[in-house]
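Undergrad: For what it's worth, the working numbering labels the leading residue of the sequence shown as 303, then goes sequentially.
Cβ coordinates follow ideal geometry from the N, Cα and C atoms, glycine included.
On a predicted model such as this, the values are computed, not experimentally measured, just so you know.
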Amino acid sequence: MSATWPRGVMPASLTPYGPQGEVDAVGLARLGAGFEAAGCVGIVLGGTNGEGPSLSAVEKRDLVRGFAPARGQLKMVAGLATSSLTEAIWLAQQAAKSGADAVLVMAPGGYANLDAAGIRDWFFRLADASSLPLILYHHPLMSRVTWRGEHVAELAAHPQCMGLKDSSGDPANLAEFRAAWPEAPLWVGDERLLLPALQAGWHGTISGCANVMAAPLCQVVQAWEAGETERAERLFARILPLIEALRRVPQPAHHKMSAHRQGRIERPDVRPPLTVPAEAAFSAWYESLPGGEFLG
303 MSATWPRGVM PASLTPYGPQ GEVDAVGLAR LGAGFEAAGC VGIVLGGTNG
353 EGPSLSAVEK RDLVRGFAPA RGQLKMVAGL ATSSLTEAIW LAQQAAKSGA
403 DAVLVMAPGG YANLDAAGIR DWFFRLADAS SLPLILYHHP LMSRVTWRGE
453 HVAELAAHPQ CMGLKDSSGD PANLAEFRAA WPEAPLWVGD ERLLLPALQA
503 GWHGTISGCA NVMAAPLCQV VQAWEAGETE RAERLFARIL PLIEALRRVP
553 QPAHHKMSAH RQGRIERPDV RPPLTVPAEA AFSAWYESLP GGEFLG
């Protein structure tokens, strides 16, 4: 399955809303077109950066269904963003009907002291019921589940488990997870680790920052894949301060405010319990960003 997945950047897309709080399908299509024009190879819909936990199951289904005609050449990944196994199976089946290429699946959260066997059983039950491949989503801060290489290797044994996104921010995982799953597509979620991830043989990044700086992230991966390693290193060093600044503030609210400032979404609204920053505070932050020429 890994041979069918191009290396590069897949934005963890924002979910734009209309004036009544409904999903703005036209706005999402416009975002997707911008991602493709910037050089992205795929898009993740309804993940954590897309406020998936605040979307109903029907909204997550319709998010993928509505975007499908506008996907262009992008790989389309449906974020499941649920701890309900029944709901996850239903969403995976609906995503398959809409033409998605894979689903992104985090370990079930909200429980204390989950054991590895229970987590493995949850994933394998979902994988058994899904015709789509699973991209495993390691996000210990959100799920309260931390994986090591042996856990990744156990999950990789299921033929429907195709790859992994690691948002732990732990550099040690780059070598450890690659050794545990040598041939799989692996994506880093913490963009500060993009260059080290490429050096470790990872596919690229599933990136929240790509909502506001997709082109330079794509250029880093493209240069690396073309064998222009010094160029990739120079560009990464130039954009790293901007990445760090974006990651220091609450997301996706600042991503949405930034995308709105750039004219790429109509409204910066988020759903409760998220809040948007005050306009004055946001403007001061945005205008002081290092590497502002890379935004857009």
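Hey, how far is the Cα of Ser304 from the Cα of Gly465?
TA: Indexing the sequence shown from 1 puts residue 304 at position 2. Indexing the sequence shown from 1 puts residue 465 at position 163. Note that Ser304 scores 47 on pLDDT, short of 50, meaning its location in the model is unreliable and no value can be drawn from it.
Undergrad: Does the beta-carbon distance from Ile345 to Val366 come in below 8 Å?
TA: On the sequence shown, position 43 is the one that residue 345 refers to. On the sequence shown, position 64 is the one that residue 366 refers to. Their beta carbons are not under 8 Å apart, which means Ile345 does not touch Val366 by this criterion.
Undergrad: Look at the Cβ atom of Gly334, then the Cβ atom of Leu393, and state whether they are nearer than 8 Å.
TA: Walking along the sequence shown from the start, residue 334 turns up at place 32. Walking along the sequence shown from the start, residue 393 turns up at place 91. Their beta carbons are not under 8 Å apart, which means Gly334 does not touch Leu393 by this criterion.
Undergrad: Assuming Leu497 and Ala534 make a contact with CB atoms under 8 Å, what is their CB distance in whole Å?
TA: On the sequence shown, residue 497 is found 195 positions in, with the first residue counted as 1. On the sequence shown, residue 534 is found 232 positions in, with the first residue counted as 1. Correct: roughly 7 Å between the Cβ atoms.
Undergrad: Run through the DSSP bridge pairs and tell me what Trp489 is partnered with.
TA: Walking along the sequence shown from the start, residue 489 turns up at place 187. For Trp489, which the question treats as bridged, DSSP gives the partners Lys467 and Gly506.
Undergrad: Could you tell me whether the segment 410-422 touches the segment 309-327, using the rule of 3 or more Cβ pairs below 8 Å?
TA: no
Undergrad: How long is the line joining the alpha carbons of Thr363 and Thr384, rounded to whole angstroms?
TA: Translated into the one-based positions of the sequence shown, residue 363 becomes position 61. Translated into the one-based positions of the sequence shown, residue 384 becomes position 82. What sits at residue 363 in the sequence shown is Arg, not Thr. Their backbone Cα atoms lie some 13 Å apart in a straight line.
Undergrad: Taking all protein chains shown into account, decide if Arg536 is buried (16 or more other Cβ within 10 angstroms of its Cβ) or exposed.
TA: Taking the sequence shown and counting its residues from 1, one reaches residue 536 at position 234. When all chains shown are included, Arg536 counts as exposed.
Undergrad: Helix, strand or coil, according to DSSP, for Tyr413 in the structure here?
TA: Counted from its first residue, the sequence shown places residue 413 at position 111. If DSSP states are grouped into helix, strand and coil, Tyr413 belongs with coil.
Undergrad: Using three-state DSSP, classify Met303 as helix, strand or coil.
TA: Position 1 of the sequence shown, counted from the start, is the residue given in the question as residue 303. Residue confidence for Met303 is low, a pLDDT of 48 falling below 50, so the modelled location carries little weight; the figure read from the coordinates is stated next. Reduced to three states, the DSSP call for Met303 is coil.
Undergrad: DSSP state of Ile567, grouped into three classes?
TA: The residue given as residue 567 occupies position 265 in the sequence shown. Taken through DSSP and simplified to helix, strand or coil, Ile567 comes out as coil.
Undergrad: To test your reading of the DSSP string, which unbroken alpha helix (DSSP H) runs of 4 or more residues are found completely within the segment 509-595?
TA: 512-527, 531-549, 555-563 and 581-589
Undergrad: Would you kindly work out how many angstroms separate the C-alpha atoms of Ala404 and Ser433, rounded to a whole number?
TA: For the purposes of this step, residue 404 is taken as residue 102 along the sequence shown, with counting starting at 1. For the purposes of this step, residue 433 is taken as residue 131 along the sequence shown, with counting starting at 1. For Ala404 and Ser433, the distance between alpha carbons rounds to 9 Å.
Undergrad: Can you check whether the CB of His460 is closer than 8 Å to the CB of Phe426?
TA: In the sequence shown, the residue the question calls residue 426 occupies position 124. In the sequence shown, the residue the question calls residue 460 occupies position 158. Closer than 8 Å, so yes.
Undergrad: Among Arg569, Gly565, Ala455 and Gly336, whose alpha-carbon lies nearest the alpha-carbon of Phe479?
TA: Within the sequence shown, numbered from 1, the residue matching residue 479 stands at position 177. The residue with the shortest Cα to Cα distance from Phe479 is Ala455.
Undergrad: Using a threshold of 8 Å, state whether the C-beta atoms of Thr317 and Leu382 are closer than that.
TA: As a working mapping, residue 317 is identified with position 15 in the sequence shown. As a working mapping, residue 382 is identified with position 80 in the sequence shown. No, Cβ-Cβ distance for Thr317 and Leu382 is not below 8 Å.
Undergrad: In terms of residue numbering, what span does the beta strand (DSSP E) encompassing Val311 cover?
TA: In the sequence shown, counting from the first residue as 1, residue 311 sits at position 9. Its beta strand (DSSP E) spans residues Gly310 to Pro313.
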